[in-house]
């Protein structure tokens, strides 16, 4: 016991210390309130759940409070200094949406199967510009980069096609956050990283609980919960390229009611010319324990963006000449999104609970993009004219050009550049009821869970063309499509416990009813009889079974699961006809019958701790076998549905190398080995000969691929008399010049060793973190192996950058943080972060292929700032 004698009346003071954790899983609770009586002095637990408090010798009791947990009352005496570990019991009415842990574990204990979590401490150290910056460190995740601040993230999990994260389920506080999860799951909304407190990535059979697009994985963004003590928070960040971010929040807990209001403003000039972004996010949430058996959660949010965002980017020539160039100054992406979640939980008795969730979102975006052309670098000045050349292409003046040097420019017609607008409007709403019950089965404890969800989506897809000026923001309508969908879905799940063995079957059911209408075509029909004419319906039902086994022991757990996953037919392939494996657009009188993309997914793994908790980690082997594979890339479609296998190993380690006298040194390693293989299918690349400008190298490579396995390629040529099938045993450069279409057959009768795009074999993140009292620092290295970008698996790069292998790359990030107090009421942290401190600029993707060419990644970015809590 330590005594500190005050300078008045001689009263002894005691330095109390302890740690507050969740009683169920031992995870530390950050921000728990500690109050002693009768003096009323108090403090909050730190990022590791620990606290120290100098109290008067007359204080007799201590109360620990944390939102969603039962209060803990302890006696305090003059012989007490170290209270040890204090366990708080989660209230029956607590919702997962309001609990955030700072555990050093890199997994969520109550999710059965492989998963990975980024805790608040890690997020605070990284101070990410975007959520993609954090997600790329997670095993099994690959980021298909296209610059910006991940407003439109491109996340691949276990080999999924990464463009706009279309095959990944994105959630915010447990609710699907994509604009339209079934019809249009592309992630054109993403929460700003500043207000994210934790990130969880789920895989395995329990994915079937969460929603559609459960084949590969799910990302759940966890936002801040209301603090226990009324707190004003202000975080200000600045950095290179006019990076500015400000977060303001105020919240607290009063009489079992927690509330938080928050606003984030973010602005950035971007890494290339004409790539700025401005974002405003506003949100508020309330959690109220209404009684001992009821609680209510309410959350409302709005996000507004104004970006200079381009789908077009670099050719190999412009990338090597000046990778910061972007001449498309009239491209503009604007959006707004409103969202609301209401959750009510009712506990009739200790073994039964009912949770009702109501959710809705309203999203609208306009993306004005310049019409582009690919022009030889030597001809740019003549093509665009002197004024435009001097304004945006002056860096080309005086240079020497080769015959395969191209530049992506704004198309000039009649002396003017022009734009098109992709205008999308989404509205989503739903209600979900979840029942949980504890019961006994086979003379052992058992936990039953069932859920029913009614879900509705509408999507309006409009395309405008404006040829008067590239600055026009209205034009004539060339496309007007209307989509509507409703779904009745749900699952039943049960955990059977036999000692340390758990057997968990789960079954998900999806009933989907959707249709599409071409409103522009219908408007030109004077004989319309009703608003329902022209509807193209697609109705399907799908059962998705799964089974998980888990064997726990003192310091860990072995697990394995198998389940059938699904990717919902979206606007891309949801309105097609499939007959005998052949996929076509519907003809008159044909019924749309395309099925979801399906897969059998298996995993086996271990998670836990070793060497007296000095090492926390997990290791998983997985195998995904997908079928009904239709859309695999930008304009790469399977006319005969494909089968693709992906397998690999994921490893995550957090090792405590040293801990003594407040000094801590941790080693972190997250590694993925991945192997993909296209097993079956026939694919047509619709851009390969109509849009791609080939280099001599890609031309020779294609000819060699065809001649090495002629039976795998069905080639069509046009020699002036129309398109015909080329039957020559081999092809040469003369044939290549006339090719109009190429169809590949995969499998035993075709190409048997082709990899799926964007599936690097190695993805690795290694780091060291050092902490001493209020000081913390560290660095991490990210290495991504080489990866193909299309199903032909071209190694060489085309002249326009549309195709070709991406070389491997390595980046290094570093951080320094220092925590300190200003007076008695202000806790502050100053920080400096270096992103890609070696300034390694690399080819990040060819995300839009013939439209975009190369998207660069990397760029050194230094940021600094202060985070204050009052």
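Numbering (my numbering), first residue to last: -10 to 859.
Just so you know, even glycine gets a beta-carbon here, dropped at the ideal spot from N, CA and C.
In angstroms, rounded to a whole number, what distance separates the CA positions of residue i and residue j?
| i | j | result |
| --- | --- | --- |
| residue 619 | residue 429 | 45 Å |
| residue 100 | residue 162 | 15 Å |
| residue 73 | residue 9 | 9 Å |
| residue 143 | residue 151 | 5 Å |
| residue 301 | residue 397 | 7 Å |
| residue 844 | residue 667 | 26 Å |
| residue 6 | residue 42 | 6 Å |
| residue 141 | residue 177 | 5 Å |
| residue 228 | residue 599 | 40 Å |
| residue 289 | residue 204 | 29 Å |
| residue 707 | residue 625 | 21 Å |
| residue 214 | residue 274 | 8 Å |
| residue 762 | residue 35 | 12 Å |
| residue 486 | residue 754 | 36 Å |
| residue 154 | residue 747 | 13 Å |
| residue 685 | residue 677 | 14 Å |
| residue 629 | residue 572 | 6 Å |
| residue 265 | residue 298 | 8 Å |
| residue -5 | residue 116 | Only weak support is given to the placement of residue -5: the predicted model assigns it a pLDDT of 36, under 50, and the question is left unresolved by the model. |
| residue 860 | residue 703 | Not covered by the structure: residue 860. The range shown for the chain is -10 to 859. |
| residue 565 | residue 505 | 11 Å |
| residue 96 | residue 853 | 29 Å |
| residue 108 | residue 334 | 26 Å |
| residue 165 | residue 346 | 12 Å |
| residue 216 | residue 223 | 14 Å |
| residue 734 | residue 633 | 13 Å |
| residue 767 | residue 114 | 8 Å |
| residue 659 | residue 404 | 53 Å |
Compare the Cα-Cα distances from residue i to each of the options and report the closest residue.
| i | options | result |
| --- | --- | --- |
| residue 709 | 487, 743, 70 and 729 | 729 |
| residue 52 | 29, 197 and 43 | 29 |
| residue 562 | 223, 623, 536 and 511 | 623 |
| residue 202 | 174, 181 and 214 | 174 |
| residue 320 | 257, 394, 411 and 286 | 411 |
| residue 918 | 751, 859 and 221 | Any property of residue 918 remains undetermined from this structure, which presents the chain solely from -10 to 859. |
| residue 454 | 409, 422 and 468 | 409 |
| residue 644 | 370, 621, 756 and 170 | 756 |
| residue 661 | 678, 386 and 640 | 640 |
| residue 458 | 363, 180, 533 and 318 | 318 |
| residue 257 | 358, 350 and 138 | 138 |
| residue 295 | 270, 782, 305 and 276 | 270 |
| residue 847 | 853, 859, 836 and 799 | 799 |
| residue 865 | 368, 323, 672 and 332 | Because the chain is modelled from -10 through 859, residue 865 falls outside the range shown and cannot be assessed. |
| residue 442 | 511, 199, 833 and 158 | 199 |
| residue 57 | 146, 226, 348 and 241 | 241 |
Grab the span of the alpha helix (DSSP H) containing residue i for me, first residue to last.
| i | result |
| --- | --- |
| residue 305 | 305 to 310 |
| residue 109 | 109 to 115 |
| residue 600 | Here residue 600 belongs to no alpha helix (DSSP H), and DSSP marks it neither H nor E. |
| residue 124 | 120 to 124 |
| residue 376 | 375 to 381 |
Could you name the residues of the same chain whose beta carbon sits closer than 6 Å to that of residue i, not counting the 5 residues immediately before and after it, in chain order?
| i | result |
| --- | --- |
| residue 490 | 540 |
| residue 509 | 469 |
| residue 44 | 3, 5, 25 and 30 |
| residue 821 | 805 and 853 |
Go to residue i, then tell me how far its beta strand (DSSP E) extends in each direction, as first and last residue.
| i | result |
| --- | --- |
| residue 189 | 185 to 191 |
| residue 296 | 283 to 296 |
| residue 662 | 652 to 674 |
| residue 240 | 232 to 243 |
| residue 530 | 525 to 542 |
| residue 350 | 341 to 359 |
| residue 768 | 764 to 773 |
Which residues in the same chain as residue i place their Cβ atom closer than 8 Å to its Cβ, once the five residues preceding and following it in sequence are excluded?
| i | result |
| --- | --- |
| residue 810 | 816 and 817 |
| residue 647 | 653 and 654 |
Only counting the same chain, and skipping five residues up and downstream in sequence, which positions put a Cβ closer than 7 Å to that of residue i?
| i | result |
| --- | --- |
| residue 840 | 300 and 301 |
| residue 169 | 415, 417, 446 and 448 |
Report yes or no: is there a C-beta of chain C within less than 8 Å of the C-beta of residue i?
| i | result |
| --- | --- |
| residue 251 | Any reference to chain C falls outside this structure, which holds one protein chain only. |
**Asked** Which runs of the beta strand (DSSP E), 3 residues or longer, sit entirely within the segment 21 to 81?
**Response** Complete beta strand (DSSP E) runs here, min 3: 22 to 26, 31 to 33, 39 to 45, 50 to 54, 61 to 64 and 71 to 77.
**Request:** Kindly provide the ranges of any beta strand (DSSP E) runs that are 3 or more residues long and lie completely inside the segment 438 to 520, ordered along the chain.
**Result:** Secondary structure remark: continuous beta strand (DSSP E) runs of at least 3 residues inside the segment 438 to 520, in chain order: 465 to 487 and 490 to 507.
**Prompt:** Which residue spans inside the segment 683 to 754 form an unbroken alpha helix (DSSP H) run of at least 4?
**Reply:** Contiguous alpha helix (DSSP H) elements confined to the segment 683 to 754 occur at 685 to 697 and 722 to 725, taking only those with 4 or more residues.
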